[in-house]
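Numbering (the working numbering), first residue to last: 285 to 718.
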């Protein structure tokens with residue numbers, strides 16, 4: 285349920301001799317904002333906010349995030365409760381529809397997703413057509429965008445709710461299947477069809493790691509850790525990729541195209557590639573001899589460009605609540621699988637040192653979710669260039685929820701303004717005189 289109120293209080297903006305009264309609005313968690321939607325019309329002025337760091341682009345009822353206190357809730361439910369008590373598909377249903385599913389609704393969702401976990405043979409041809417040097421995220425974005433060809437009904441921007449619902453089911457089924465196929469192609473293995481007897485997470489692991497004609501037993505500790513990890517990435521309010529999905533969807537682009545755009549936004553190393561940077565950092569420290577104290581001192585040295593990857597967060601000014609949850613799963617997976625990886629002890633040493641070092645504590649540079657997710661993916665044998673693909677699987681429900689909310693609310697097409705800084709009018713110069 286989305287609630288937002290306009291307070292009696294206003295903000296007065298004085299420009300020259302004129303004053304403009306701007307209403308203050310408040311959300312359900314007492315977040316306050318200044319409504320400037322009519323500012324340009326009344327004053328001819330706009331606001332300038334590079335990167336939109338102080339600009340609310342929408343009213344949303346999906347995710348509440350309080351970076352100062354380390355709070356993350358989806359539809360009012362704490363991230364701790366969701367990761368501890370729910371399955372990934374339950375949380376997907378929650379963020380998309382607003383309420384947790386009943387037992388019958390969850391069973392229906394699970395069955396519909398299983399029925400859609402198939403791919404046309406022409407998709408295999410498309411996958412194999414990509415050069416071997418192609419990045420998994422590029423392949424994923426292209427193949428997800430191409431799904432509209434198999435579901436042309438999704439192209440109608442005014443399609444009914446049943447079509448939108450079926451499109452979401454297709455994405456929940458197809459994206460992890462494509463991710464598994466992309467992984468196997470990179471590993472030089474043949475594609476494995478889905479196993480209808482397995483659950484969502486277990487089936488993904490089966491499609492990733494099973495061998496044709498051989499029995500495959502899902503490790504429950506791994507499945508549980510992956511379930512938590514995907515839930516932790518479901519949504520994070522108006523981040524770069526979610527905002528991309530919304531602004532593309534605001535043009536009434538179809539859901540497949542909008543999600544493809546979100547995948548491309550997530551691909552950037554400043555957004556979804558952080559956990560890959562963590563592993564690359566650990567490998568660099570290992571290759572240098574594994575002296576973590578040396579690298580911690582480098583991180584403290586203001587004149588040294590080195591920065592610890594996976595520590596601190598742009599939004600959280602406290603401990604990332606997702607990191608606290610996934611740390612336990614990371615420990616369980618490493619112990620269960622008995623991984624012999626020289627980069628992982630380095631990660632543990634960095635974590636312990638940073639948590640007990642006054643320099644990092646004073647700056648609130650705690651390990652974040654990217655630090656631990658990279659370690660888990662590494663333990664599962666997932667290549668670093670597939671890390672962001674894993675992120676996309678988890679973030680998919682949030683993207684779809686953001687797209688659906690934007691359409692349901694009737695949000696206008698996204699069209700930011702600018703402050704022009706180029707040439708003023710000047711005469712055209714003929715080429716012989718240039």
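The beta carbon of each residue, even a glycine, is placed where N, CA and C say it ideally should be.
**Asked** How many angstroms separate the CA atom of residue 372 from the CA atom of residue 681?
**Response** In the chain shown, the residue the question calls residue 372 occupies position 88. In the chain shown, the residue the question calls residue 681 occupies position 397. Straight-line measurement puts the Cα of residue 681 at about 9 angstroms from the Cα of residue 372.
**Message:** Tell me the rounded alpha-carbon separation between residue 561 and residue 338.
**Reply:** Translated into positions along the chain shown, residue 561 becomes position 277. Translated into positions along the chain shown, residue 338 becomes position 54. If you take the alpha carbons of residue 561 and residue 338, they lie about 27 angstroms apart.
**Cβ neighbours of residue 439 in the same chain (closer than 7 angstroms, five flanking residues each side left out)** = Position 155 of the chain shown, counting from 1, holds the residue named residue 439. So the qualifying residues of the chain are 432 and 538.
**Prompt:** Straight-line CA distance for residue 285 to residue 526?
**Reply:** Start at 1 with the first residue of the chain shown, and residue 285 comes out as number 1. Start at 1 with the first residue of the chain shown, and residue 526 comes out as number 242. Note that residue 285 has pLDDT 48, beneath the 50 cutoff, so the model's placement of it is unreliable and the number below is only indicative. Near 20 angstroms, if we compare the C-alpha coordinates of residue 526 and residue 285.
**Prompt:** Under 9 angstroms between the Cβ atoms of residue 513 and residue 502?
**Reply:** Taking the chain shown and counting its residues from 1, one reaches residue 513 at position 229. Taking the chain shown and counting its residues from 1, one reaches residue 502 at position 218. It is not a contact, given that the beta carbons lie outside the stated cut-off.
**Asked** Using the beta-carbon count (16 or more within 10 Å), is residue 522 buried or exposed?
**Response** The sequence position of residue 522 within the chain shown is 238, counting from 1. It counts as buried.
**Item:** C-alpha distance - residue 293 paired with residue 408, whole-angstrom precision
**Value:** As a first step, residue 293 is located in the chain shown; it is residue number 9 there, counting from the start. As a first step, residue 408 is located in the chain shown; it is residue number 124 there, counting from the start. The alpha-carbon atoms of residue 293 and residue 408 are separated by roughly 59 angstroms.
**Asked** Thinking C-alpha only, which one of 450, 363, 411 and 346 is nearest residue 380?
**Response** Counting from one through the chain shown, the residue named residue 380 turns up at place 96. Cα-wise, what sits closest to residue 380 is 346.
**Prompt:** Pairing CB atoms from the region 698 to 711 with CB atoms from the region 546 to 559, are three or more of them under 8 angstroms?
**Reply:** no
**Item:** CB contact flag (residue 517, residue 665, <9 angstroms)
**Value:** Your numbering for residue 517 matches position 233 in the chain shown. Your numbering for residue 665 matches position 381 in the chain shown. No, the pair does not count as a contact, with Cβ atoms beyond the cut-off.
**Prompt:** Pick from 584, 593, 622 and 630: whose alpha carbon is nearest that of residue 643?
**Reply:** Locating residue 643 in the chain shown gives position 359, where the first residue counts as 1. Out of 584, 593, 622 and 630, 584 has the C-alpha closest to the C-alpha of residue 643.
**Asked** Taking residue 663 as the reference, which of 621, 461 and 650 has the closest Cα?
**Response** Stepping through the chain shown from its first residue, residue 663 is reached at position 379. The option with the nearest alpha carbon to residue 663 is 621.
**Prompt:** Leaving out five residues before and five after residue 451 in sequence, what residues of the same chain have Cβ atoms less than 6 angstroms from its Cβ?
**Reply:** Numbered from 1 along the chain shown, position 167 holds the residue referred to as residue 451. Cβ within range, chain order: 438 and 539.
**beta strand (DSSP E) runs contained entirely in the region 486 to 562, provided each spans 3 or more residues** = none
**Asked** Do the region 644 to 660 and the region 603 to 622 make contact, defined as three or more Cβ pairs closer than 8 angstroms?
**Response** yes
**Asked** Are the region 669 to 676 and the region 609 to 617 in contact at 8 angstroms, needing three or more beta carbon pairs?
**Response** Touching, no, given that fewer than three Cβ pairs across the two stretches are closer than 8 angstroms.
**Request:** Enumerate in chain order the residues of its own chain whose CB-to-CB distance from residue 588 is below 7 angstroms, with the five nearest sequence positions on each side excluded.
**Result:** Counting from 1 along the chain shown, the entry for residue 588 is found at position 304. Result list for residue 588: 582, in chain order.
**Request:** Inspect the CB distances between the region 384 to 396 and the region 461 to 469 and report whether three or more fall short of 8 angstroms.
**Result:** no
**Request:** Would you list the residues sitting across from residue 294 in a DSSP beta bridge?
**Result:** Numbered from its first residue, the chain shown carries residue 294 at position 10. Answer is 307.
**Asked** Using CA coordinates, which residue listed in 399, 552 and 415 is at the minimum distance from residue 478?
**Response** Start at 1 with the first residue of the chain shown, and residue 478 comes out as number 194. The alpha carbon of residue 478 has as its nearest neighbour, out of 399, 552 and 415, the alpha carbon of 399.
**Item:** For residue 441, the nearest candidate out of 542, 579 and 647 (CA to CA)
**Value:** Numbered from 1 along the chain shown, position 157 holds the residue referred to as residue 441. Looking at the Cα atoms, 542 is the closest of the given residues.
**Asked** Can you list, in chain order, the residues of its chain whose CB lies under 7 angstroms from that of residue 687, leaving out five sequence neighbours each side?
**Response** As a position in the chain shown, residue 687 is number 403, starting the count at 1. 529, 530, 533, 539 and 542.
**Asked** Relative to the alpha-carbon of residue 661, which residue among 628, 374, 300 and 519 has its alpha-carbon at the smallest distance?
**Response** For the purposes of this step, residue 661 is identified with residue 377 of the chain shown, where counting begins at 1. Residue 628 is the option with its Cα nearest to residue 661.
**Prompt:** From the DSSP output, which residues share a beta bridge with residue 347?
**Reply:** On the chain shown, position 63 is the one that residue 347 refers to. Answer by DSSP bridge pairing, in chain order: 358.
**Request:** With DSSP as the reference, label residue 574 as helix, strand or coil.
**Result:** Start at 1 with the first residue of the chain shown, and residue 574 comes out as number 290. Residue 574: coil per DSSP, three-state reduction.
**Request:** Given a cut-off of 9 angstroms, decide if residue 592 and residue 649 are closer than it, judged by their beta-carbon atoms.
**Result:** In the chain shown, residue 649 corresponds to position 365, counting from 1. In the chain shown, residue 592 corresponds to position 308, counting from 1. For residue 649 and residue 592, yes; Cβs fall inside 9 angstroms.
**Three-state secondary structure (DSSP) of residue 317** = The residue given as residue 317 occupies position 33 in the chain shown. Residue 317 falls in the strand class under three-state DSSP.
**Item:** Chain-order list of residues whose beta-carbon lies under 6 angstroms from that of residue 495 (same chain, five-residue window excluded)
**Value:** Within the chain shown, residue 495 is the residue found at index 211, counting from 1. So no residue of the chain qualifies.
**Message:** Once DSSP output is grouped into helix, strand and coil, what is the label at residue 302?
**Reply:** Within the chain shown, residue 302 is the residue found at index 18, counting from 1. The three-state secondary structure of residue 302, taken from DSSP, is strand.
**Message:** Given a cut-off of 9 angstroms on the beta-carbon distance, is the pair residue 358 and residue 519 in contact?
**Reply:** Position 74 of the chain shown holds residue 358. Position 235 of the chain shown holds residue 519. Residue 519 sits close to residue 358, with the two beta carbons spaced by under 9 angstroms.
**Message:** Closest to residue 394 by C-alpha separation, out of 374, 423, 382 and 370, would be which residue?
**Reply:** Within the chain shown, residue 394 is the residue found at index 110, counting from 1. Nearest of 374, 423, 382 and 370 to residue 394, Cα basis: 374.
**Prompt:** Mapping DSSP to helix, strand and coil, what is residue 605?
**Reply:** By one-based count along the chain shown, residue 605 stands at place 321. It is helical.
**residue 595 - partner residues in DSSP beta bridges** = As a first step, residue 595 must be located in the chain shown, where it is residue number 311. The bridge partners DSSP lists for residue 595 are 651.
**Beta-carbon proximity list for residue 659, same chain, < 7 angstroms, skipping 5 on both sides** = Counted from its first residue, the chain shown places residue 659 at position 375. 614, 628 and 631, listed in sequence order.
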